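For reference, the structure is listed below as structure tokens.
Protein chains: 2
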Amino acid sequence: MLDPASRVRRFNRAVTSAVGALDTSFLGRGRPLGAARVLNAIGHGRSEVAEIRDYLGLDSGLMSRLLRSLEDEGLIETAAREDDARRRMAKLTRAGRREFTAYEALSNAQAEGLLAQHSQRDALLAAMDLIASALTRERVALEEMDPRCDQARYCLGEYYAELGRRFSQGFDVSLSRDPDAKDMRRPRGTFLVAISDTLPIGCVGLKGTDHGYAEIKRLWVAPAARGLRLGRRLMDATESAARELGIALLRLDTNSALPEAGQLYRSTGWREIPRFNDDPYPDLFFEKRL
Amino acid sequence: MLDPASRVRRFNRAVTSAVGALDTSFLGRGRPLGAARVLNAIGHGRSEVAEIRDYLGLDSGLMSRLLRSLEDEGLIETAAREDDARRRMAKLTRAGRREFTAYEALSNAQAEGLLAQHSQRDALLAAMDLIASALTRERVALEEMDPRCDQARYCLGEYYAELGRRFSQGFDVSLSRDPDAKDMRRPRGTFLVAISDTLPIGCVGLKGTDHGYAEIKRLWVAPAARGLRLGRRLMDATESAARELGIALLRLDTNSALPEAGQLYRSTGWREIPRFNDDPYPDLFFEKRL
DNA sequence: CATGATATCTGACTTTAGTCAGATATCTGG
DNA sequence: CCAGATATCTGACTAAAGTCAGATATCATG
């Protein structure tokens with residue numbers, strides 16, 4: 001009925017008024033939006049004045065005045081940095097924390113309001129995740145992490161759950177050769193997590209072995225982040241890391257029930273090889289020389 | 001990983017900056033946002049001053065000044081309405097249409113930008129439709145329309161396509177008893193379309209018969225609008241219309257492959273009855289006395 | 001320790017948005 | 001035709017946001 005651009009614009013209109021409502025509720029606390037935004041940035045852990053200014057896109061004069069007005073209200077304190085007295089740090093006072101908490105409550109209430117009365121919350125949240133990931137595509141950061149940290153374990157949990165859904169016989173981690181975490185840490189290997197504005201949306205592991213090659217394991221991209229070519233980015237980053245570690249040969253196993261993975265490997269220089277392990281789940285094996 | 005409120009707030013952040021970018025590009029045309037918004041409202045067919053003021057939520061004094069500034073620029077002309085000289089109508093001049101076209105191009109470019117480089121456009125658009133429908137839930141209007149108009153036919157097309165996907169044997173309209181359009185128009189029946197900000201997102205038909213009852217046909221809710229209790233609203237509105245038309249007994253047929261429909265009927269006072277027609281598709285039959 | 005770079009602050013502005021009371025013109029119903 | 005309602009306009013204001021030039025203090029470097 002509507003062409004794609006009209007659908008996007010309908011979305012824009014809908015979302016603009018919902019977001020505008022949050023601004024209005026912020027104004028209800030008797031403070032201009034500019035000051036409220038600075039207070040909230042500080043509350044969310046941004047303490048350097050220059051960082052806040054940059055984040056909010058403010059002129060330095062305006063920023064200075066906003067800080068002064070928050071100080072006059074007794075909500076923040078500023079101090080020169082010890083290592084560089086030109087830079088200033090801002091932090092909340094006790095009263096400032098109270099005020100910040102009140103803003104947080106408003107934000108959460110608005111968020112709950114958007115979800116309320118929608119009988120398919122999960123679908124709505126999934127749509128929001130998808131759009132947020134798409135819009136922040138260029139800002140997705142790939143971070144090396146310990147595979148046992150919270151974010152990595154969240155990704156792995158989602159990965160296993162998805163395999164369970166995609167494999168007709170289900171998936172039981174304990175039957176698979178669960179890679180030892182220390183093989184996926186430097187210097188033997190590494191583990192990368194893709195973070196989009198605090199939310200992990202993908203991962204991949206590089207597992208060192210003693211057989212003259214390293215393995216790519218646990219490549220996962222959140223359903224909300226598919227279509228952003230994140231799988232390719234994760235693979236590229238892992239290959240770079242492998243080169244850095246002096247690894248010359250990479251192998252991986254996968255399953256034909258995951259056709260998009262196989263397609264990615266084939267289109268990026270991987271070559272199919274015969275089975276090289278006895279894991280019960282994979283039925284496709286690849287190799288790539290770096 | 002993130003709780004629901006945090007996911008909504010991540011979505012808010014992502015979307016705010018994307019929408020802010022559009023405002024910035026509008027400013028690039030050397031006109032304050034307020035004036036640009038009025039110009040665009042007129043370009044989109046809103047001609048009554050009061051209607052525009054209401055739509056944009058402007059004070060009457062401010063509105064008057066914005067109109068004046070657009071007139072001074074030579075972009076619009078205003079005139080008193082013939083039937084009521086207190087009210088004014090605004091329309092674009094030739095220069096105004098040019099300027100409006102330029103704004104449209106900016107909007108479309110931004111929309112294309114959001115879609116660009118995403119290899120799963122359809123999923124992204126579906127997510128946007130879902131969210132737009134959810135956010136404008138209270139503003140969904142149910143309008144009586146001729147079942148042969150564009151919007152009604154769009155809904156019916158989507159409805160048939162969905163039946164094709166849901167029925168294991170597919171769905172061929174010509175095999176079903178396609179209700180005659182004139183039976184779904186006053187005074188024999190009616191046809192309702194749910195419109196969410198220009199997009200049709202649901203429909204239902206009330207078909208008059210000569211057998212002492214009327215039938216509910218073609219109840220459809222767009223996938224993007226599920227969970228908003230729109231099906232129930234459409235049914236309620238149709239029952240009201242039926243009462244208005246002096247109809248005392250309603251019947252409908254459906255299929256057990258559409259469980260959510262059956263559940264809706266059962267929970268709103270419909271009673272299962274034996275088959276009352278020889279249509280090949282339905283296998284469940286309901287009746288409700290008004 | 002002089003010099004240029006950097007971070008922040010201050011003062012003096014402008015623009016935009018918005019508010020509000022009253023003026024003006026027109027309409028509607030008795 | 002009159003009284004009250006309605007739609008718009010005008011003038012006089014305020015608040016918020018943003019701009020910009022220059023002042024001040026501090027740092028890094030040769």
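Those protein sequence lines, which keep their order, are chains E and S. The opening residue of the first sequence carries number 1 in UniProt numbering; numbering runs sequentially from there. The opening residue of the second sequence carries number 1 in UniProt numbering; numbering runs sequentially from there. Glycine included, each C-beta is placed from N, C-alpha and C at the ideal position. Here the structure is a predicted model, which is why all the values come from computation and not from measurement.
In the DSSP assignment, find the unbroken alpha helix (DSSP H) run with E/V173 in it and report its ends. Taken as a continuous stretch (DSSP letters only), E/V173 belongs to no alpha helix (DSSP H), as it is neither H nor E.
According to the neighbour-count rule (16 or more other Cβ atoms, all chains shown, within 10 Å of its Cβ), is S/E260 buried or exposed? exposed
Since residue 341 of chain S and S/L284 are thought to touch, with beta carbons under 8 Å apart, how far apart are those beta carbons, to the nearest angstrom? Given that chain S is displayed from residue 1 to residue 290, the structure contains no residue 341 of chain S and the question cannot be resolved.
Could you check what DSSP says for S/L39 in three-state terms: helix, strand or coil? helix
Let me make sure I understand the geometry here. Which of E/E73, E/A111, E/A79 has the alpha-carbon closest to that of E/R94? E/E73
What does DSSP give as the partner residues of E/C203 in its beta bridges? E/V193, E/W220
At a CB-CB cut-off below 7 Å, which residues of chain S make contact with E/R9? S107, A111
Is S/M145 close to chain E, meaning its C-beta is less than 9 Å from at least one C-beta of that chain? no
Tell whether a beta-carbon distance below 9 Å holds between E/R229 and S/S119. yes
Work out the CA separation of E/V173 and E/A183 for me, nearest whole Å. The question names Ala, but residue 183 of chain E in the sequence shown is Asp. Distance between the alpha carbons of E/D183 and E/V173: 17 Å.
Helix, strand or coil at S/G45 [DSSP, three-state]: coil
Do the stretch 191 to 210 of chain E and the stretch 232 to 244 of chain E touch if we need at least three Cβ pairs shorter than 8 Å? yes
If you draw a straight line from the C-alpha of E/A153 to the C-alpha of E/Y103, how long is it? In the sequence under discussion, the amino acid at residue 153 of chain E is Arg, which differs from the Ala named in the question. Rounded to the nearest angstrom, the two C-alpha atoms are 31 Å apart.
Which residues in chain S sit within 7 Å of E/H118, going by Cβ to Cβ distance? A134, G227, L228
Cβ neighbours of S/T190 in the same chain (closer than 6 Å, five flanking residues each side left out): E144, L206, A241
Coarse secondary structure for E/F285, derived from DSSP in three states: strand
Could you say if the stretch 104 to 114 of chain E and the stretch 66 to 85 of chain E meet the contact criterion of at least three C-beta pairs nearer than 8 Å? no
8 Å Cβ shell around E/P280 - same chain, five flanking residues per side excluded: L175, S176
Under the three-state reduction of DSSP, which class applies to E/A111: helix, strand or coil? helix
Note down, one range per segment and in chain order, each alpha helix (DSSP H) of at least 4 residues found wholly within the stretch 220 to 266 of chain E. 230 to 244, 259 to 266
Using Cβ-Cβ distances below 9 Å, what residues of the stretch 28 to 41 of chain S are close to chain E? none
Look at the Cβ atom of E/Y213, then the Cβ atom of E/L264, and state whether they are nearer than 9 Å. no
Starting from S/A80 and walking both ways along the beta strand (DSSP E), at which residues does that stretch end? 76 to 80
If you compare alpha carbons, which of E/R165, E/L199, E/A5 is closest to E/M128? E/L199
Decide if the stretch 48 to 60 of chain E is in contact with the stretch 133 to 150 of chain E; the criterion is three or more beta carbon pairs, one per stretch, under 8 Å apart. no
Do three or more CB pairs link the stretch 15 to 23 of chain S to the stretch 7 to 24 of chain E at distances below 8 Å? yes
On a Cα-Cα basis, can you pick out the residue from E/G170, E/D122, E/T101 that is closest to E/G43? E/T101
For S/R185, tell me which candidate among S/V204, S/Q169, S/N255 has the shortest Cα-Cα distance. S/V204
E/A123 - containing alpha helix (DSSP H), residue span: 121 to 135
Secondary structure of E/R88, DSSP reduced to three states: strand
Please tell me whether E/L252 and E/F286 are closer than 9 Å, where the distance is taken between their beta carbons. yes
Determine the chain E residues that contact S/D197 at a beta-carbon separation under 9 Å, and present them in chain order. R10, R13, A14
Pair within 9 Å by beta-carbon distance, S/L66 and S/A35: yes
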